[in-house]
Structures are given as structure tokens and as C-alpha cells.
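**Q**
Residue numbers (this note's numbering): 2 to 160.
(1) Jot down the residue ranges of each uninterrupted alpha helix (DSSP H) in the segment 120–160, minimum 4 residues, whole runs only, in chain order.
(2) Report the rounded CA-to-CA distance for residue 46 versus residue 15, giving the unit in angstroms.
(3) Given this structure, state the Cα-to-Cα distance separating residue 1 from residue 54, to the nearest angstrom.
(4) Give the range of the alpha helix (DSSP H) segment to which residue 24 is assigned.
(5) Would residue 141 and residue 109 qualify as a contact pair, given that the criterion is a beta-carbon distance under 9 Å?
(6) Report buried or exposed for residue 156, applying the criterion of at least 16 other Cβ atoms within 10 angstroms of its Cβ.
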């Protein structure tokens, strides 16, 4: 990911993060994927009404799917509103899907969505990470580092 892409993501009006994922996993590789949406789902995402808390990805028949992602029904929608927790297809190149599939077969590795954002053309994108689970002592270390960073920031603000 180059600097321009990072700046665009920071400017994006929608940044829905999976905060729990960085606590539970180490990110080995991060890819950006398009997502197939139906009906009013894009409107709900633009309003920030989505959640990645229990979401994960799996590969079936050479396609990558995200399961457990919650996109709330659009408030102003009609009777044909979308289902909130349906499985959604992600758009990646065949080479990227094959690489993720091979890596996820290794014990301890999984594929998880970590961020939903709107790109400069107005399309919803998902950052997907190949992740390795943390042990309990790793989680404690992460909490300690986060607390230390917070204390350093407080000390800098005081002076």
C-alpha cells in the first residue's frame, strides 16, 4: 500500500474498523478487495451502519466470501430492503485468492476483514488480512504496549 492510498483512506468519510481483530490476531498480509452489494447496502455503509465484529472470510469454489458482516437495513428503504447478515462476495484476482487459500490451510491462520471504506470513486472496499492468532501472553503484551503509548501521549500533552 503506497502513501497515496493511505491518504485517501484517511480522507474517506467511512472507516468501519474491526477493532477486536488487531487484539486477537497478528496481520501477516493485507489485501484490498471490492465487495458485491445489493440494493440499499451501499447507502447503509455510507451512513456508517455496518459492523465487522464477528466477521470472517472463507474460500468456496475459487471465490472468497465474507460471513458475519452486519450491514443494517437502510432506514428509508422499502419492503425490498436487504438482509442484514447475509454472506457477501469479495472481488479479488485469481492469483490473490489462490495465495490466500494456500496460506489459510496452514494451521493457526485465518482470513478476516479489518476495514470497510469508500474509495475515491465512491465504491465500497474491504481490507482483508491473512492473520495468525495471538496467544494469551501476546494479548497481554499488546495491552501493555497500548497502555504505555497512552501514558506517553498524556505526558506529552501536559507539557
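A virtual CB, placed ideally from N, CA and C, is assigned to each residue, including glycine. Quick caveat: nothing in here was measured; it's all calculated off a predicted structure.
**A** Well, looking at it:
(1) If you keep only unbroken alpha helix (DSSP H) runs of at least 4 residues inside the segment 120–160, you get 137–159.
(2) Between the alpha carbons of residue 46 and residue 15 lies a gap of roughly 8 Å.
(3) The shown model of the chain, from 2 to 160, leaves out residue 1, and the question about it has no answer.
(4) Per DSSP, the unbroken alpha helix (DSSP H) holding residue 24 starts and ends at 20–25.
(5) For residue 141 and residue 109, no; Cβs fall outside 9 Å.
(6) By the 10 Å Cβ count, residue 156 comes out exposed.
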